[in-house]
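In the working numbering, the protein residues as written are 17 to 560.
Cβ coordinates follow ideal geometry from the N, Cα and C atoms, glycine included.
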Amino acid sequence: MPNQLFYGDNLEVLRRHIKDESVDLCYIDPPFNSKRNYNQIYNNVGKEDQAQAQAFIDTWTWDDYANQGLEEIQTNYLGRFTAQSIDLISGLVKVLGKGSLLAYLVSMTLRVAEIYRVLKPTGSFYLHCDPSASHYLKIIIDAIFCAQGGNYLSEIIWKRTSSHSDSNKYGRVHDVILYYSKNSKVNWNEQYQSYDQKYIDQYYKYSDPDGRKFMSGDIGAAGLSGGGYEYEWNNIRRVWRVPESTMQRLDSENRIYYTKNGFPRMKRYLDEMQGLPIQDTWTDIEALRSWHSEKLGYPTQKPEALLERIIKASSNEGDVVLDAYCGCGTTVAVSQRLDRQWIGIDITYQSISLILKRLEDAFGQGVLENIVLNGIPKDMNSAVALANKRDDRTRKEFEKWAVLTYSNNRAVINQKKGADKGIDGIAYFRSEKDDPEKIILQVKSGKVSSRDIRDLQGTMTRENAVLGIFITLEKPTRDMIKEAKEAGIYRSQYMSNPVDKIRIVTIQEIIEDQKRLDILLALEVLKSAEKQMEVRQVTLDLDS
Ligand SMILES: C[S@@+](CC[C@H](N)C(=O)[O-])C[C@H]1O[C@@H](n2cnc3c(N)ncnc32)[C@H](O)[C@@H]1O
Numbered sequence: 017m018p019n020q021l022f023y024g025d026n027l028e029v030l031r032r033h034i035k036d037e038s039v040d041l042c043y044i045d046p047p048f049n050s051k052r053n054y055n056q057i058y059n060n061v062g063k064e065d066q067a068q069a070q071a072f073i074d075t076w077t078w079d080d081y082a083n084q085g086l087e088e089i090q091t092n093y094l095g096r097f098t099a100q101s102i103d104l105i106s107g108l109v110k111v112l113g114k115g116s117l118l119a120y121l122v123s124m125t126l127r128v129a130e131i132y133r134v135l136k137p138t139g140s141f142y143l144h145c146d147p148s149a150s151h152y153l154k155i156i157i158d159a160i161f162c163a164q165g166g167n168y169l170s171e172i173i174w175k176r177t178s179s180h181s182d183s184n185k186y187g188r189v190h191d192v193i194l195y196y197s198k199n200s201k202v203n204w205n206e207q208y209q210s211y212d213q214k215y216i217d218q219y220y221k222y223s224d225p226d227g228r229k230f231m232s233g234d235i236g237a238a239g240l241s242g243g244g245y246e247y248e249w250n251n252i253r254r255v256w257r258v259p260e261s262t263m264q265r266l267d268s269e270n271r272i273y274y275t276k277n278g279f280p281r282m283k284r285y286l287d288e289m290q291g292l293p294i295q296d297t298w299t300d301i302e303a304l305r306s307w308h309s310e311k312l313g314y315p316t317q318k319p320e321a322l323l324e325r326i327i328k329a330s331s332n333e334g335d336v337v338l339d340a341y342c343g344c345g346t347t348v349a350v351s352q353r354l355d356r357q358w359i360g361i362d363i364t365y366q367s368i369s370l371i372l373k374r375l376e377d378a379f380g381q382g383v384l385e386n387i388v389l390n391g392i393p394k395d396m397n398s399a400v401a402l403a404n405k406r407d408d409r410t411r412k413e414f415e416k417w418a419v420l421t422y423s424n425n426r427a428v429i430n431q432k433k434g435a436d437k438g439i440d441g442i443a444y445f446r447s448e449k450d451d452p453e454k455i456i457l458q459v460k461s462g463k464v465s466s467r468d469i470r471d472l473q474g475t476m477t478r479e480n481a482v483l484g485i486f487i488t489l490e491k492p493t494r495d496m497i498k499e500a501k502e503a504g505i506y507r508s509q510y511m512s513n514p515v516d517k518i519r520i521v522t523i524q525e526i527i528e529d530q531k532r533l534d535i536l537l538a539l540e541v542l543k544s545a546e547k548q549m550e551v552r553q554v555t556l557d558l559d560s
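Given below as structure tokens:
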């Protein structure tokens, strides 16, 4: 199976594209706005929800989607819901009322029911959340998994950081990862971590003359069921765990330690131990900070070490790993590195774009050839459909897709509103000046006229941008092309040819002629451009 990256809502993708019992491991890290006051979430108070939902899709509101989801659960749509989950959600409607928390839980119930369906009988499910919702999520997963023969296996506490200042309460330093299996027989590879110094000092007290550390283990068989071997060793007659021949071999290999009473004990060398089996409290993996090299600037990016532990414990080479909220692709990148097959789903084009770039940077361009991309406009009809999609959960997806596709995932999407109206993306290139020069990208999916070109010129002047790119779904008028030409030409010693200051590109050219902005910029896509930009080498080729 080729690896698969889906751009779209995971519920729809799971229902339409992912087969029953086809996935070995599913990890999800759904968005939940835990920064808000818990009481506000629980009691559905405050007007904050609506505004936040517009700004970013990590908050939940009771809207048409929630109503539809609730109805699907209560009417057991497609026969996917257990009696327990139907009763549970109906009960939660009474307890919580129709607000953001219930909207979140309804959304999770719909998706976890699909995840249960797509898991193989030996499959595992990990849900990453935080303590403000973990107790609700646990009963929701119980009602889906445990009600159908699955098992709740662990609540992993991941200590992300050593301190966090929270007023009037204990600092919140951990996330919760709930781990379930679809059946009693589950794929499991014990994972180990190295002993800490305290443990070594406590248990590995002895060492050979060459400094090799060991602990001593019992070699007597007293109290062992199944008996042992009775003989005399070092003038002590008793029942031993090993036959005399083995005792002789161990002694000749210097693997027997004698107490001061002459009692033999087995040497267990530190350097031969695998380490401590990983327990359910993880304190050895730090959350990503700005100085960590793997950090991509994606706000909720998880460390690769965390996913590596989960993927190694619950899958084998060649197995299929699914992340239905894949963000900037941590699960996908680690699965690729560990030779697993993978399926990633995300609802924002920025994530898809970032994942493609991340994979290309880490594994080379060849890796992209083995990925099937789904849901990304490949023809004019699907581009028009994306432009006309009215989905409040995703803002400006058409514009983001157009900017990122045309810039080969190198432009920075403009997240700001208000003052920055008229800018959908920004890219930078090297110029004669010390500071890099700016390109503004603007996308229009509706009617266009020469006024749009004049507006773009105004925005360029205001923003100090030397180049402007106007991407349009509709064909540009003759006046627009004339207006753009009149803006003049830009020359630089770093460019092979002079280029038009304003360039008009159509979506048709992007899709059918594969027209792209050829800029070799080392931009990390989601980082704030001004702060994080790093320009390595630029060639700009705007064929005019
Ligand atoms: C918390 S982030 C995941 C971060 C990820 N674990 C990583 O390390 O990069 C959640 C992601 O879920 C995506 N998302 C939210 N709702 C979704 C939906 N209905 N379908 C697919 N993706 C969704 C968001 O776009 C966001 O990228």
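Which residues DSSP lists as bridging I173, in chain order | Residue mapping note: residue 173 aligns to position 157 of the sequence shown, counting from 1. DSSP lists V192 and T297 as partners of I173.
In the DSSP assignment, find the alpha helix (DSSP H) that holds D103 and state where it starts and stops.
-> Taking the first residue of the sequence shown as position 1, residue 103 is located at position 87. Unbroken alpha helix (DSSP H) run through D103: A99 to L112.
Less than 7 Å between the CB of P46 and some heavy atom of ligand 1, yes or no?
-> Residue numbering aside, residue 46 sits at position 30 when the sequence shown is read from its first letter. Because some heavy atom of ligand 1 lies under 7 Å away, the Cβ of P46 counts as near it: yes.
When burial is assigned at 16 or more other CB atoms within 10 Å of the CB, is D191 buried or exposed?
-> On the sequence shown, residue 191 is found 175 positions in, with the first residue counted as 1. When all chains shown are included, D191 counts as buried.
Round the Cβ separation of R96 and R127 to the nearest angstrom and send it over; I've been treating them as touching at under 8 Å.
-> Within the sequence shown, numbered from 1, the residue matching residue 96 stands at position 80. Within the sequence shown, numbered from 1, the residue matching residue 127 stands at position 111. Not really, about 11 Å apart at Cβ, beyond 8 Å.
Exposure label - R265; buried when at least 16 CB within 10 Å = Translated into the one-based positions of the sequence shown, residue 265 becomes position 249. Per the 10 Å Cβ criterion, exposed.
Can you tell me which of E499, R446 and T488 puts its alpha carbon nearest to the alpha carbon of A481?
-> Walking along the sequence shown from the start, residue 481 turns up at place 465. The shortest C-alpha separation from A481 is found at R446.
To the nearest angstrom, how far is it from the Cα of Q207 to the Cα of C145?
-> Within the sequence shown, numbered from 1, the residue matching residue 207 stands at position 191. Within the sequence shown, numbered from 1, the residue matching residue 145 stands at position 129. Distance between the alpha carbons of Q207 and C145 is about 22 Å.
If we count the other Cβ atoms within 10 Å of its Cβ and call it buried at 16 or more, is D395 buried or exposed?
-> Taking the first residue of the sequence shown as position 1, residue 395 is located at position 379. So D395 counts as exposed.
Counting only the same chain and skipping the five closest in sequence on each side, list residues whose C-beta sits under 7 Å from that of L169.
-> Here the question's residue 169 lines up with position 153 in the sequence shown. So the qualifying residues of the chain are Y195, Y196 and S197.
Taking the Cβ atom as the reference point for each residue, do A340 and P319 lie within a distance shorter than 8 Å?
-> Counted from its first residue, the sequence shown places residue 340 at position 324. Counted from its first residue, the sequence shown places residue 319 at position 303. Contact: no.
Pull up the distance between the alpha-carbon of D74 and that of G438, whole angstroms please.
-> Translated into positions along the sequence shown, residue 74 becomes position 58. Translated into positions along the sequence shown, residue 438 becomes position 422. In this prediction, D74 has a pLDDT of 49, which is less than 50 and means its spatial position is unreliable; what the coordinates show is noted afterwards. Looking at the two C-alpha atoms, the distance is approximately 25 Å.
In the DSSP assignment, find the beta strand (DSSP E) that holds E320 and state where it starts and stops.
-> Here residue 320 corresponds to residue number 304 of the sequence shown, with the count starting at 1. Looking at the DSSP string, E320 is not in any beta strand (DSSP E); the run it does join, the alpha helix (DSSP H), is E320 to S330.
For M396, which residues does DSSP report across the bridge?
-> Along the sequence shown, read from residue 1 onward, the residue named residue 396 stands at position 380. Answer is none; M396 lacks a bridge partner.
So is T205 buried or exposed if we call it buried at 16+ other beta carbons inside 10 Å?
-> Translated into the one-based positions of the sequence shown, residue 205 becomes position 189. Per the sequence presented here, residue 205 reads as Asn, with Thr not at that position. Counting Cβ neighbours within 10 Å, N205 comes out exposed, since fewer than 16 surround it.
For the region 321 to 329 and the region 378 to 397, state whether three or more C-beta atom pairs, one from each stretch, are separated by less than 8 Å.
-> no
K498 (DSSP reduced to helix, strand or coil) | Residue 498 sits at position 482 when you count from the first residue of the sequence shown. Three-state result, K498: helix.
Contact check, W358 vs N26 under 8 Å by CB: the rounded distance?
-> As a position in the sequence shown, residue 358 is number 342, starting the count at 1. As a position in the sequence shown, residue 26 is number 10, starting the count at 1. That pair is no contact at about 14 Å.
Using DSSP bridges, identify the partner residues of L94.
-> For the purposes of this step, residue 94 is identified with residue 78 of the sequence shown, where counting begins at 1. According to DSSP, which records beta bridges pairwise, L94 is partnered with nothing at all.
With a threshold of 7 Å, establish whether the CB of C42 neighbours any heavy atom of ligand 1.
-> As a working mapping, residue 42 is identified with position 26 in the sequence shown. No, the Cβ of C42 stays beyond 7 Å of every heavy atom of ligand 1.
In chain order, what residues of the same chain have a beta carbon less than 8 Å from the beta carbon of D182, not counting five sequence neighbours either side?
-> Residue mapping note: residue 182 aligns to position 166 of the sequence shown, counting from 1. R188, listed in sequence order.
How many whole angstroms separate the CB atoms of P259 and Y274, which I take to be in contact at a CB cut-off of 8 Å?
-> For the purposes of this step, residue 259 is identified with residue 243 of the sequence shown, where counting begins at 1. For the purposes of this step, residue 274 is identified with residue 258 of the sequence shown, where counting begins at 1. In fact, because the Cβ distance is near 19 Å, the residues do not count as touching under 8 Å.
Which class does K33 belong to by DSSP, given the choice of helix, strand or coil?
-> On the sequence shown, position 17 is the one that residue 33 refers to. The question names Lys, yet the displayed sequence has His at residue 33. The answer is helix: DSSP assigns H33 an H, G or I state.
How would you label N404, buried or exposed, when you count the other beta carbons within 10 angstroms and need 16 or more for buried?
-> What you label residue 404 is simply residue 388 of the sequence shown in a count that begins at 1. Label assigned to N404: exposed.
For Q357, which beta-bridge partners are listed by DSSP?
-> Numbered from its first residue, the sequence shown carries residue 357 at position 341. DSSP lists V336 as partners of Q357.
Inter-residue spacing [alpha-carbon to alpha-carbon] between I193 and N184 | Taking the first residue of the sequence shown as position 1, residue 193 is located at position 177. Taking the first residue of the sequence shown as position 1, residue 184 is located at position 168. The straight-line gap from Cα to Cα measures roughly 25 Å.
Pull up the CB-CB distance for R356 and E376, whole angstroms please, since I reckon it's below 8 Å.
-> Counting from one through the sequence shown, the residue named residue 356 turns up at place 340. Counting from one through the sequence shown, the residue named residue 376 turns up at place 360. No, R356 and E376 are not in contact; Cβ-Cβ is about 19 Å, not under 8 Å.
At what residue ranges does the region 199 to 266 contain a whole run of the alpha helix (DSSP H), taking only runs of 4 or more?
-> 213 to 219
CB of Y314 to nearest heavy atom of ligand 1: below 7 Å?
-> Your numbering for residue 314 matches position 298 in the sequence shown. Indeed, a heavy atom of ligand 1 lies less than 7 Å from the Cβ.
Closest by C-alpha distance to E130, when choosing among S179, Q524 and E88 = Here the question's residue 130 lines up with position 114 in the sequence shown. Nearest option by C-alpha distance: E88.
State buried or exposed for V419, treating a residue as buried only when at least 16 other CB atoms are found within 10 Å of its CB.
-> Numbered from 1 along the sequence shown, position 403 holds the residue referred to as residue 419. Counting Cβ neighbours within 10 Å, V419 comes out buried, since at least 16 surround it.
Which value, in whole angstroms, describes the spacing of the CA atoms of E525 and K531?
-> Here residue 525 corresponds to residue number 509 of the sequence shown, with the count starting at 1. Here residue 531 corresponds to residue number 515 of the sequence shown, with the count starting at 1. When rounded, the distance between both Cα atoms is 6 Å.
Does the Cβ of A340 lie closer than 7 Å to at least one heavy atom of ligand 1?
-> As a first step, residue 340 is located in the sequence shown; it is residue number 324 there, counting from the start. Flag set: Cβ of A340 near ligand 1.
Measuring CB to CB, does G441 end up less than 8 Å from S423?
-> One-based indexing of the sequence shown puts residue 441 at position 425. One-based indexing of the sequence shown puts residue 423 at position 407. Their beta carbons are under 8 Å apart, which means G441 touches S423 by this criterion.
So is the beta-carbon of S150 under 7 Å away from any non-hydrogen atom of ligand 1?
-> In the sequence shown, the residue the question calls residue 150 occupies position 134. No, Cβ of S150 sits at least 7 Å from all heavy atoms of ligand 1.
Measure the alpha-carbon distance for V459 versus T177 and round it to whole angstroms.
-> Walking along the sequence shown from the start, residue 459 turns up at place 443. Walking along the sequence shown from the start, residue 177 turns up at place 161. Approximately 41 Å, taken between the alpha carbons.
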